[in-house]
Each structure stands twice: as structure tokens, then as C-alpha cells.
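Chains F and H, in that order, are what the protein sequence lines are.
Residues in the first sequence are numbered consecutively from 197, following our numbering.
Residues in the second sequence are numbered consecutively from 121, following our numbering.
For every residue, glycine included, the Cβ atom is placed at its ideal position computed from N, Cα and C.
A short worksheet on the structure shown next.
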Amino acid sequence: MKPAKACLAALAASLGLLVASMCFGAQDKARSYKYHWDAQVYAELAHAPAKARAKQNPLEKDPDAVAAGRNLFEQHCTECHGDFAEGGKKGPSLLVPQIHDAEPGTLFWIVTNGVVWRGMPVWSKLPEPQRWQLVSYIKSLGVAEQAPAAGALPNAAANPSTAPSPPR
Amino acid sequence: MSSFSARLFLALIALSFPLVLLPGNAQAQENPYIVAYDHYLEEPGNLEVEYFSTFGTQRGGNDFHAFWAEFEYGATAWWTTEFYVDGQSTFGDSTLFTGTRWENRFRVLKREHFINPVLYIEYENTSGADKILKEVEGHDVEADYADKNSVLRQEHDHELEFKLLLSGTHKGWNFVENTIATKNLSNDPWEFGYALGASRPLALKASAKRCSFCRQNFIAGAELYGGLGDRYSFGLHDTSHYLAPVVAWNLPSDWTLRLSAGFGLNDNSHRFLLRWGVSREINGFGSMVGRLFGGQR
Chain F
197 MKPAKACLAA LAASLGLLVA SMCFGAQDKA RSYKYHWDAQ VYAELAHAPA KARAKQNPLE
257 KDPDAVAAGR NLFEQHCTEC HGDFAEGGKK GPSLLVPQIH DAEPGTLFWI VTNGVVWRGM
317 PVWSKLPEPQ RWQLVSYIKS LGVAEQAPAA GALPNAAANP STAPSPPR
Chain H
121 MSSFSARLFL ALIALSFPLV LLPGNAQAQE NPYIVAYDHY LEEPGNLEVE YFSTFGTQRG
181 GNDFHAFWAE FEYGATAWWT TEFYVDGQST FGDSTLFTGT RWENRFRVLK REHFINPVLY
241 IEYENTSGAD KILKEVEGHD VEADYADKNS VLRQEHDHEL EFKLLLSGTH KGWNFVENTI
301 ATKNLSNDPW EFGYALGASR PLALKASAKR CSFCRQNFIA GAELYGGLGD RYSFGLHDTS
361 HYLAPVVAWN LPSDWTLRLS AGFGLNDNSH RFLLRWGVSR EINGFGSMVG RLFGGQR
């Protein structure tokens, strides 16, 4: 085979496999529409070990923690969980009692470990203080009274200190 | 550079430009390594477009500038797939398209542990003129790169490369160890290599305001990599090794800049390898492609 043809064949094969991998990923995401998929993600909270659950947020009294956590949330989490944590196409809402009532240590554990088989990556690449800042922000959010309509702000937006900025 | 190679390379570069202009709101949090890999995979549905350069000094030949583009896609939270296209310019000689690579990384464990293994498999279709030095393995030495491009390009390599990536993050420090085993699909023996790395952000807490020059946006570290011989002559003799301080700057605008100054540690190594790279993460690329084909996502 001539080098040019070999290159073209390798390129075509690679692009084909890339598209195949996207379709594979798409199947995962399509399932996330289903209620039971979100429920399974919430169920992961129960798997946090007692030692992890007992951890206290060292930045609980840090006045900047929520604002810093909001920045981190906008940078890393809105793609899946929505601009206002109301839930997105790939990730569940964080404005639910399961999250609101969870111990900070449990949320820290889930941010650190992700829910890899259900699409949430591990976030241990964020340094520990940044993960606690994220937890501070998530804990500052309220619980949505009902599923938010498109464009509507959830309860959290009523508190300007914790409301995320509008999407850019 | 042959007209076909030139057109292919230019087409891929041209394709990547509109991609990097797409909107996104995720600040990348990339480690600074250029050779070593950590255990963090691309977020699902995101595409990272990357460009890297390596300037290398060459004894017994002309210095060179090798360059490559990477398209890294997060298929799932446990599988990242990546396509490379690379080329090089040897000063006073010529510019060549040198090949393509297709790489896959698979996360093995469900949760974070002290050490996290990731399996890596790559197919390489390159010419002997490939000088990107993305990994060093076997008995790769500086003298291998001294010939003219017209001679080097006569060799064609079809290789399978396997790596075991071990990585862990503790108190802000990330440590990585990569073990490399490569098999040329012709009758060459297995070749081995290694890469080690350590890095840490300059600040562990995020600031309350978005900023470009905050310390937490800079991650500094070092990597050490080299060959370990082959199946019949395993060890450090006739191998090359490099030590490279590295730094990454993760900008709030989704861009990441990396810089690495590598120093050869023995007489078989290039004396100096200066590497730099720029990358941009595109959020929801998979969803965009899905919508193109009529998906609801």
C-alpha cells in the first residue's frame, strides 16, 4: 500500500472509531434522562464510608468559600449539572433533598470519587481545599420546590450571595 | 513534504481552528506533563484540541522542530480516546508529515485509591523521521535522529504501545509512574521505557474571583523519562534519559499553556529539548455532534 493510501486509511479508521466512541458515550447519556438513572446516582451517596461521612468541612466558616466554590462550579460542573445546579442532560439536579441533607463529608467523598460507571468523573485533580469550597457552595443551595422550568431560577437564586451568575 | 502529506496536515490544522473558537465555560485543570500521563481522563463528551512543539538539539546532524496535534475525546468517564497527527522540520533539511497515532486510555477502578491504575493502548503508524519524542523507549538514542530526512523517511513503523499508568494525588501533589512496552508489528523485539512525574498547583485554594494570574492556575513539576532496552538486552545501557521541569498555566478562558525544558542525562540523549503546547477544552462536543445527526441531546 502506498504511504498516502495508508495514511488515508489510518485517518479514516481513526475518525470512524472516534465517531463510534461518541455514539457509545451517547448511549450512556441518553440513559441519564431516565429517572432511575438519576436515582442510582443519588444512591451512590449511601456508599460513602462512615469515616468519609464524618469529615467536617474545614472551610465551613471561610467567608470566601461559597463564592470560590461557585466559581469552581461554573468552571467544572455546569456542563453536566446545569447552570443553576438544576440538573442537565448528563447529570442530575443538585437541588434535591438527597443532596441538601447529605453530610458535607459525603458530598466531598462523591466529588472526590465521582460515579465513574454512571458518567461522573473523579475530581480529585482539584486540590482538597477546592473540593471543600465546592461542597460549601453546593450546601448553600436550596431545594427546588418543583422541577425548574427552562430559564427559571431555582430557590438558590433568591439568595444573591449564593446564586450562580447567569449563563454567559 | 509531499503534496498529499502537506494537504492532510493543513486540512487537520484548518479543521482544528474552528473547533477552538467554539464557546465553552469549563476551565481546564490540566497537569503540566508532556510525556508522562496521570490517571485523569477527559470529561465525558468533551473534546480537547491540543498543539505541541518540540525543539531539539542534535549532535552529528541538524537541530529540529517536531510538532503534533492531538484530538482527545472523553467517550465515557472511564474511557478516553485520542487521535494524533505529527510532523517535523529539520533545519537545513526539509519538513515532513511523519505519521498518525490512535490512543485509548481505560480507567480500571471505580473509585479513587492511593494509587490509581489506567490501561493505555496505542497504535502508531509513523515513519523513521518521527522526532516528536512523545515517549522514549528501547534503545532510542540521539544518533538515531542524525540522518537526513530523505533517509529516515524510508523506514515505516507500525507499532502497538502498551502502558500501565499509575498515579495518585495527595495533599495537592500528583505523582505518576508510567511503564511502557512497545511492539513493532514487524519482527522487532518488545521495547521498554518509563516516565515518572510529580507536580503541584502553586496554591491549593481557589480565589473568590475569576482571575488569570492567580497562583492556583499555575501547576509546576518535573518529569523524568527514558528507555529501558528491549527483550534481549533489558537495562540502561545504550539508552537515553531526560529530566524536564514542567509548568502549566490553566486559563479561565478554557485554554492551557504548557512549557517544558528537558535536559539529556547521558551522552546518548539530546542535550536539550524545549517543548511547549497549547490546548483548549470544548465542552459538550459529543452533544453537538449528536445534535448534528438529529439527536435530542
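The DSSP-derived three-state label of residue 299 of chain H is strand. As the crow flies, the alpha-carbon of residue 161 of chain H is around 7 Å from that of residue 199 of chain H.
Within chain F, the C-beta atoms nearer than 7 Å to that of residue 326 of chain H come from 264, 267, 268, 326 and 329, in chain order. For residue 282 of chain F, no beta strand (DSSP E) encloses it, and the DSSP letter there is neither H nor E. DSSP, read as helix, strand or coil, puts residue 310 of chain H in coil. For residue 283 of chain H, the uninterrupted beta strand (DSSP E) segment begins and ends at 276-290.
Sequence-distant Cβ neighbours of residue 301 of chain H in its own chain, meaning closer than 7 Å and more than five residues away, are 282, 310 and 312.
Between the C-alpha atoms of residue 279 of chain F and residue 271 of chain F there is a straight-line separation of about 10 Å.
Residue contact with chain F for residue 149 of chain H: present (Cβ-Cβ distance below 7 Å to some residue of chain F). Scanning H/411, H/178 and H/335 for the CA closest to the CA of residue 372 of chain H turns up H/335.
Interface annotation, residue 197 of chain H: in contact with chain F, CB-CB separation under 7 Å.
In summary, no residue of the segment 236-253 of chain F has a CB separated from any CB of chain H by less than 7 Å. Residue 404 of chain H: not part of any beta strand (DSSP E); DSSP gives it neither H nor E. Within the segment 362-387 of chain H, the runs of beta strand (DSSP E) that reach at least 3 residues and sit entirely inside it are, in chain order, 375-384. Of all residues in the segment 274-302 of chain H, the ones placed with a Cβ closer than 8 Å to any Cβ belonging to chain F are 276, 289, 291, 292 and 294, in chain order. Around the CB of residue 406 of chain H, 16 or more other CB atoms lie within 10 Å, so the residue is classed as buried. With contacts defined by Cβ atoms closer than 7 Å, residue 219 of chain H and residue 245 of chain H form a contacting pair.
Among the CB atoms of chain H, one or more fall inside 7 Å of the CB of residue 275 of chain F.
Between residue 401 of chain H and the set H/168, H/150 and H/156, the nearest pair of CA atoms involves H/168. Secondary structure note for residue 308 of chain F: its alpha helix (DSSP H) is the uninterrupted segment 300-309. Residue 185 of chain H carries a strand assignment under DSSP once its states are collapsed to helix, strand and coil. The segment 220-227 of chain H makes no contact with the segment 257-272 of chain H: fewer than 3 CB pairs, one atom from each, lie closer than 8 Å.
For residue 256 of chain H, the closest alpha carbon among the candidates H/314, H/177, H/325 and H/242 is that of H/314. Per the C-alpha coordinates, the member of H/252, H/328 and H/333 positioned closest to residue 322 of chain H is H/333. Separation of the CB atoms of residue 394 of chain H and residue 175 of chain H is rounded to 4 Å, and the pair is thereby assigned contact status at 8 Å. Straight-line spacing of the CA atoms in residue 251 of chain F and residue 300 of chain F works out to 7 Å. Per DSSP, the unbroken alpha helix (DSSP H) holding residue 333 of chain F starts and ends at 324-336.
Of all alpha-carbon atoms in H/259, H/365 and H/388, the one lying nearest the alpha-carbon of residue 351 of chain H is that of H/259. Chain F places no beta carbon closer than 7 Å to that of residue 370 of chain H, leaving this residue out of the contacts. Residues of the segment 351-384 of chain H with a C-beta less than 8 Å from any C-beta of chain F: 372, listed in chain order. Per DSSP, residue 237 of chain H is not a residue of any alpha helix (DSSP H); the beta strand (DSSP E) it occupies stretches across 236-247.
Interface annotation, residue 268 of chain H: not in contact with chain F, CB-CB separation never under 7 Å. CA-CA distance, residue 181 of chain H to residue 269 of chain H, rounds to 11 Å. Residue state for residue 333 of chain H is assigned as coil, using DSSP reduced to three classes.
In this structure, the CA atom of residue 290 of chain F is about 9 Å from the CA atom of residue 338 of chain F. In this structure, residue 343 of chain H sits near residue 153 of chain H, with a CB-CB distance shorter than 7 Å.
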